[in-house]
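Inspection log for the structure reproduced underneath, given as structure tokens.
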Amino acid sequence: MGYIAPVNQLQYQQYAERVTMKDYDPYYLTPVQRVNPLRRSDRDFEEELEQEMDKREKKRETEFKSGDAPIFHIQTIPPHLIPKVTGKGQNFNASI
Numbered sequence: 001m002g003y004i005a006p007v008n009q010l011q012y013q014q015y016a017e018r019v020t021m022k023d024y025d026p027y028y029l030t031p032v033q034r035v036n037p038l039r040r041s042d043r044d045f046e047e048e049l050e051q052e053m054d055k056r057e058k059k060r061e062t063e064f065k066s067g068d069a070p071i072f073h074i075q076t077i078p079p080h081l082i083p084k085v086t087g088k089g090q091n092f093n094a095s096i
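In full-length UniProt numbering, the protein residues as written are 1 to 96.
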């Protein structure tokens, strides 16, 4: 006793024709064209990069005078908030 697969006629026909279709390539890749750069040369890019870096360096120098260091203020967390944030020390608060 055999089993008849539930395949419709169109699927069967395409399966049978796959052997006869040797000229068809399902993975055909379309050729692409080369992309030309907008800049004329690498030297132009390097000059633009150097100018941009010089601008940033000058801006940095004007923000911080020589000898001055940026001041960072570090806020301490109040001790009563630490257990709420970390979950530690909720049951007891003692050190050995």
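Beta carbons: idealized from backbone N, C-alpha and C, even for Gly.
Quick caveat: nothing in here was measured; it's all calculated off a predicted structure.
Any idea what DSSP makes of residue i, helix, strand or coil?
i, result
"TYR27", "coil"
"THR62", "helix"
"GLN33", "coil"
"ILE82", "helix"
"LYS55", "helix"
"TYR15", "helix"
"LEU49", "helix"
"GLN9", "helix"
Excluding the 5 residues preceding and the 5 following residue i in the sequence, name in chain order all residues of the same chain whose CB lies nearer than 8 angstroms to its CB.
i, result
"GLN33", "none"
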